[in-house]
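Have a look at the structure below before the remarks.
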Amino acid sequence: MTSRSKMFSFFKNRLNMKQKKLNGKNSDWNLPKITNSAIDANYYRMEPHPMDYLIRDMIVTSCEDGTKMLSLWGRGLTEIPNIIFAYREIGFLNLQENYITHIPLDLINLKKLRVLNLGCNNIQIIPKHISQMQHLVRLNLSKNELGQLPSEISRLKQLKELFLGGNQLQNLPIEVSELTKLTNLDLSNNKFQEISHGVLKLTELRRLNLGYNEIQEINSEIKNLKMMNKLDLHHNAIFTLPSEIGDLKLLTFLNLRVNYLTMLPDVIGEMTNLVSIDVSGNCLLALPMQIQHCKRLCKITLSDNFLTEMPQGLLNVQNLEELYLDNNLISGLNPNVTQLTSLKVLNLRKNYIRTLSKEIKGAMNLEKLDLSENDLDEFPGFISKLPKLNLLRVTNNNIENIPESIVKREQIVLYADNNRYRTIKKSTTKNGHITWENIVDMNSDETSSKSSNSKD
Numbered sequence: 001m002t003s004r005s006k007m008f009s010f011f012k013n014r015l016n017m018k019q020k021k022l023n024g025k026n027s028d029w030n031l032p033k034i035t036n037s038a039i040d041a042n043y044y045r046m047e048p049h050p051m052d053y054l055i056r057d058m059i060v061t062s063c064e065d066g067t068k069m070l071s072l073w074g075r076g077l078t079e080i081p082n083i084i085f086a087y088r089e090i091g092f093l094n095l096q097e098n099y100i101t102h103i104p105l106d107l108i109n110l111k112k113l114r115v116l117n118l119g120c121n122n123i124q125i126i127p128k129h130i131s132q133m134q135h136l137v138r139l140n141l142s143k144n145e146l147g148q149l150p151s152e153i154s155r156l157k158q159l160k161e162l163f164l165g166g167n168q169l170q171n172l173p174i175e176v177s178e179l180t181k182l183t184n185l186d187l188s189n190n191k192f193q194e195i196s197h198g199v200l201k202l203t204e205l206r207r208l209n210l211g212y213n214e215i216q217e218i219n220s221e222i223k224n225l226k227m228m229n230k231l232d233l234h235h236n237a238i239f240t241l242p243s244e245i246g247d248l249k250l251l252t253f254l255n256l257r258v259n260y261l262t263m264l265p266d267v268i269g270e271m272t273n274l275v276s277i278d279v280s281g282n283c284l285l286a287l288p289m290q291i292q293h294c295k296r297l298c299k300i301t302l303s304d305n306f307l308t309e310m311p312q313g314l315l316n317v318q319n320l321e322e323l324y325l326d327n328n329l330i331s332g333l334n335p336n337v338t339q340l341t342s343l344k345v346l347n348l349r350k351n352y353i354r355t356l357s358k359e360i361k362g363a364m365n366l367e368k369l370d371l372s373e374n375d376l377d378e379f380p381g382f383i384s385k386l387p388k389l390n391l392l393r394v395t396n397n398n399i400e401n402i403p404e405s406i407v408k409r410e411q412i413v414l415y416a417d418n419n420r421y422r423t424i425k426k427s428t429t430k431n432g433h434i435t436w437e438n439i440v441d442m443n444s445d446e447t448s449s450k451s452s453n454s455k456d
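Here UniProt numbering is used: the first residue of the sequence shown is 1, the next is one more, and so on.
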């Protein structure tokens with residue numbers, strides 16, 4: 001064996017021994033192997049790194065526009081592999097759910113990159129060179145450890161969607177207003193105490209999510225967001241809404257769940273494109289009559305408030321399909337509820353209702369009715385005349401009998417446990433759709449009454 005061959009053999013063995021030692025610690029990052037090739041020509045060839053093979057095999061070409069797509073979701077990466085930068089045709093790069101801590105400068109070499117997903121990593125700082133990735137249309141930096149955003153992000157002029165939820169942000173640079181094509185902005189789960197002024201200048205915004213922050217007041221400049229379609233402000237500390245919110249004429253979804261609102265502004269009636277409103281978990285005592293002008297409203301959630309009656313204005317909303325009034329202080333239903341001819345779901349759980357008006361039988365499209373945890377002492381027999389009813393809950397009331405007309409409706413799933421039934425006919429137990437858990441038989445020697453209901 002020549003001295004050259006001995007030298008090669010020595011280094012090859014040392015390197016491969018080192019590789020075996022490391023393999024036991026992290027099999028994803030094996031060292032490359034030396035292969036014997038043209039020794040006498042003073043040429044040494046290295047086998048490609050296993051990660052190189054993985055990336056090469058995972059790159060997919062989109063059938064639509066020929067864009068190269070690469071997803072390394074959840075691969076345990078601590079940094080972006082250098083081999084990626086050799087694939088200049090990549091337009092979609094997904095690196096979500098890894099342990100990446102920084103964004104390297106080499107990433108700007110991917111000139112065709114339009115979608116970059118770095119969500120769920122350990123990134124603390126967004127470098128200024130991100131401004132050179134000017135073809136980005138969608139950027140996901142959610143669930144990292146960001147404390148601030150560089151003003152240079154304003155140079156991403158093509159950006160349409162920006163996801164920054166789940167960080168430690170308290171404000172955004174005013175320069176964010178220069179992202180004039182931005183239509184979708186997620187700032188949820190941060191530490192904002194107000195809506196950043198730069199955001200209030202993004203006139204093309206369609207969706208804005210500020211849920212789970214510390215916002216107490218909505219700036220009147222929100223009127224600038226006239227193209228807004230979906231506004232999410234749930235889980236904040238908002239006490240009032242400015243009248244300028246009525247300028248959001250195109251808004252279809254409004255989420256104000258879990259705040260401190262005692263009322264909604266009268267201008268809510270000017271937001272005539274609203275389809276869904278969630279104001280649950282607030283301190284509402286009533287709704288403005290003007291809500292009757294929201295003719296397109298299909299769903300309204302008013303759970304966990306202090307309402308003592310069904311809001312009168314809602315009775316004129318002909319398209320209303322879902323009405324949630326659970327956990328309020330309602331003691332009876334308005335007879336005019338029959339006007340809600342499109343109503344499919346009515347939730348009145350955890351109120352103080354003793355009797356139901358017979359007019360409810362006019363709600364001919366009602367499919368789901370929840371009357372559990374009220375004070376009903378009589379089963380409303382006319383419910384059996386609701387032709388489309390398929391789910392009925394009357395658990396935890398004071399009901400003594402169930403009418404045969406209900407029992408014979410096999411298409412109804414009935415939850416009727418924890419009541420005060422005096423007698424239960426055997427025929428009623430044949431219906432497999434009825435649950436009878438913890439029924440108290442009033443004729444039993446063991447018990448003569450059911451403990452009173454408790455309401456949170």
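Every residue, glycine too, gets a C-beta built ideally from N, C-alpha and C. Everything numeric in this text was worked out from a predicted model, so none of it was measured.
Residue environment, Asp106, which counts as buried when at least 16 other CB atoms sit within 10 Å: Counting Cβ neighbours within 10 Å, Asp106 comes out exposed, since fewer than 16 surround it.
Neighbourhood of Val199 by C-beta, 6 Å cutoff - its chain only, sequence neighbours within 5 removed: Nothing listed; no residue qualifies.
Collapsed DSSP secondary structure at Ser342 in the structure displayed: Secondary structure of Ser342 (DSSP, three-state): coil.
Cα-Cα separation between Ser331 and Glu204, rounded to whole angstroms: Looking at the backbone, the Cα of Ser331 and that of Glu204 are separated by about 45 Å.
Simplified DSSP state of Asn224, which is helix, strand or coil: Residue state, collapsed to three classes: helix.
Reference Glu378, options Leu369, Arg393, Leu356 and Lys388, closest by Cα: Comparing Cα positions, the closest option is Leu356.
Per DSSP, the bridge partner or partners of Leu314: Partner(s): none; Leu314 has no beta bridge.
Distance, Asn229 Cα to Leu182 Cα: Their backbone Cα atoms lie some 13 Å apart in a straight line.
Under 7 Å between C-beta atoms of Met310 and Asn334: For Met310 and Asn334, yes; Cβs fall inside 7 Å.
Rounded C-alpha distance that separates Arg88 from Ser71: Cα to Cα, Arg88 sits roughly 15 Å from Ser71.
Residues sharing a beta bridge with Glu322, DSSP: As a beta-bridge residue in DSSP terms, Glu322 pairs with Lys299 and Val345.
Helix, strand or coil at Lys128 according to DSSP, with G and I counted as helix: If DSSP states are grouped into helix, strand and coil, Lys128 belongs with the helices.
Opening and closing residue of the alpha helix (DSSP H) in which Glu404 lies: Its alpha helix (DSSP H) spans residues Glu404 to Val407.
Expected contact under 8 Å - CB spacing of Leu241 and Leu264 to nearest Å: Rounded, the Cβ-Cβ distance is 7 Å, consistent with contact.
Neighbour-count burial assignment, Leu179, 16 or more Cβ in a 10 Å radius: By the neighbour-count rule (16 or more Cβ atoms within 10 Å), Leu179 is buried.
Test: Ile108 CB closer than 7 Å to a CB of chain B: Looking at the structure shown, chain B is missing, and only one protein chain is on hand.
Residues near Ile353 by beta carbon distance below 8 Å, same chain, minus five either side: Non-local C-beta neighbours of Ile353 in its own chain, meaning closer than 8 Å and more than five positions away in sequence, comprise Ile330, Ser331, Gly332, Leu333, Leu371, Asn374, Asp375 and Leu376, ordered along the chain.
Residue burial classification, Met58 (beta-carbon count within 10 angstroms, cutoff 16): An exposed status is given to Met58, since fewer than 16 other beta-carbon atoms sit within 10 Å of its beta-carbon.
Exposure of Leu285, with buried meaning 16 or more beta-carbon neighbours within 10 Å: Leu285 comes out exposed.
Cross-strand partners of Val275 (DSSP beta bridge): None, per the DSSP bridge assignment.
Contact belief for Glu145 with Asn167 at Cβ below 8 Å, rounded distance in angstroms: So it is a contact: roughly 7 Å between Cβ atoms.
Selection from Glu400, Arg409, Tyr415 and Ile108 that minimises the alpha carbon distance to Tyr421: The option with the nearest alpha carbon to Tyr421 is Glu400.
Where the beta strand (DSSP E) through Leu139 begins and ends: Arg138 to Asn140 is the extent of the beta strand (DSSP E) around Leu139.
Ile71 - DSSP class collapsed to helix/strand/coil: Per the sequence presented here, residue 71 reads as Ser, with Ile not at that position. In the structure shown, Ser71 sits in a strand (DSSP, three-state: E or B).
Three-state secondary structure (DSSP) of residue 481: Nothing about residue 481 can be reported from this structure: the residues present for the chain run from 1 to 456 only.
Supposed contact pair Thr272 and Lys295 - C-beta distance, whole angstroms, cut 8 Å: Right, the Cβ-Cβ distance comes to about 6 Å (below 8 Å), so this counts as a contact.
Identity of the residues DSSP links to Glu161 by a beta bridge: By DSSP's assignment, Glu161 forms a beta bridge with Arg138 and Asn184.
Continuous beta strand (DSSP E) stretch holding Gly211: start and end: Boundaries cannot be given for Gly211, as no beta strand (DSSP E) includes it and DSSP labels it neither H nor E.
Whether Asn209 touches Asp232 by CB criterion (7 Å): Taking 7 Å as the Cβ cut-off, Asn209 and Asp232 qualify as a contacting pair.
Cys120, buried or exposed, once every other Cβ within 10 Å from all chains shown has been counted against 16: Classification of Cys120: buried, given that the 10 Å Cβ count is 16 or more.
Given Ser276 as reference, the closest of Gln312, Asn319 and Ile84 once Cα atoms are compared: The residue with the shortest Cα to Cα distance from Ser276 is Asn319.
Cβ neighbours of Pro403 in the same chain (closer than 7 Å, five flanking residues each side left out): So the list reads Phe379, Gly381 and Ser384, once near-sequence residues are dropped.
Cβ pair Leu162, Leu136 closer than 7 Å: Result no, Cβ atoms of Leu162 and Leu136 do not sit closer than 7 Å.
Residue closest to Met348, alpha-carbon to alpha-carbon, out of Thr341, Gln339 and Leu369: In the sequence as presented, Met is not what sits at residue 348; that position holds Leu. Taking Leu348 as reference, the option from Thr341, Gln339 and Leu369 with the minimal CA-CA separation is Leu369.
Same chain, Cβ closer than 6 Å to Leu95, neighbours up to 5 away in sequence not counted: Leu72 and Leu118, listed in sequence order.
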